[in-house]
Amino acid sequence: MSSGSAGGIRERKKHETREALHRAALSLYLAQGPDAVTISDICEAAGVSRRTFFNYFESKDDAVMDWNEERAGGSVAERIAARPDQEEPLEAVHQAVRTGIVRLLEHETWRQRQLLVSRHPRLVPLAFAGNRRTRGLMAEAVARRIGAEPGDRYPRVLAAAANAVAQAALAQWDPEDSGAALLEILDASFAMAAAGFSPPS
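In terms of UniProt numbering, the sequence shown opens at residue 1 and continues consecutively.
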């Protein structure tokens with residue numbers, strides 16, 4: 001077996017272990033509530049040792065809120081870059097976010113994660129812990145589209161606004177409702193932003 005093949009197998013096994021811990025933590029949190037679940041419970045459900053757990057996560061909440069960009073088809077910056085050049089920046093971000101959500105909806109664990117957050121508000125800050133990085137990636141991608149610097153006002157404000165719109169749409173959606181309902185809320189929210197937040201008539 002070549003070193004490349006061995007490395008590929010190791011990476012796949014690491015990915016499988018991480019996913020197993022994530023799924024076990026989610027399932028236990030949903031069934032018992034966050035406070036009743038221990039790291040040992042998660043390890044037992046996933047079939048791994050505590051030592052293995054701490055190779056991947058620092059806490060049980062980290063295991064539950066684990067974020068893998070591949071579930072959304074790569075980073076938001078990559079999806080923005082793939083949009084047509086003639087598309088307005090806000091619409092490019094809208095469609096990039098939408099594509100990511102469509103892909104996330106294919107993963108039952110993502111819907112379970114959203115359901116968990118809706119039931120336990122203390123998890124909301126953890127769910128959005130990566131937002132600063134997401135805003136930065138959005139700003140960089142928008143800046144490239146318009147020939148600006150990532151730190152310029154326009155890309156930073158647009159990224160912050162788009163991120164807030166997406167968060168508001170997720171907060172309004174009931175995870176037990178359909179994915180189509182979420183996309184409808186998302187599209188309406190971005191349309192409101194594109195219209196300059198004019199009040200509905």
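Where is the CB? At the ideal position from N, CA and C, for every residue including glycine.
Everything numeric in this text was worked out from a predicted model, so none of it was measured.
ask   = For Gln188, does the count of other Cβ atoms within 10 angstroms reach 16, so buried, or fall short, so exposed?
value = Within the sequence shown, the letter at position 188 stands for residue 188. Reading off the sequence shown, one finds Ala at residue 188, where the question assumed Gln. Its Cβ having fewer than 16 others within 10 Å, Ala188 is exposed.
key: Unbroken alpha helix (DSSP H) run spanning Trp110, endpoints   = Position 110 of the sequence shown, counted from the first residue, corresponds to residue 110. Start and end: Glu108 to Arg119.
ask   = Sorted by chain position, which residues of the same chain lie with C-beta nearer than 7 Å to Ala63's C-beta, five sequence neighbours on each side aside?
value = Residue mapping note: residue 63 aligns to position 63 of the sequence shown, counting from 1. Around Ala63: Leu21, His22, Ala25, Ile42 and Phe57.
request  = With a 10 Å radius around its C-beta and 16 neighbouring C-beta atoms as the bar for buried, classify Gly151 as buried or exposed.
outcome  = Stepping through the sequence shown from its first residue, residue 151 is reached at position 151. Gly151 comes out exposed.
message = Taking only three categories from DSSP, how would you classify Met138?
response = To locate residue 138, count along the sequence shown from 1; it is residue 138. When secondary structure is reduced to three states using DSSP, Met138 falls in the helix class.
request  = Report yes or no: is there a C-beta of chain B within less than 8 Å of the C-beta of Glu11?
outcome  = Of the chains in the structure shown, none is chain B; there is only one protein chain.
key: Closest residue to Tyr29 among Thr109, His15, Val102 and Glu140 (Cα-Cα distance)   = Indexing the sequence shown from 1 puts residue 29 at position 29. Out of Thr109, His15, Val102 and Glu140, Thr109 has the C-alpha closest to the C-alpha of Tyr29.
request  = Report yes or no: do three or more beta-carbon pairs, one from the segment 29 to 39 and one from the segment 85 to 102, lie closer than 8 Å?
outcome  = no
task = Would you mind working out which of Ala148, Pro125 and Thr52 sits nearest His15, comparing C-alpha positions?
result = Translated into positions along the sequence shown, residue 15 becomes position 15. For the residues Ala148, Pro125 and Thr52, the minimum Cα distance to His15 belongs to Thr52.
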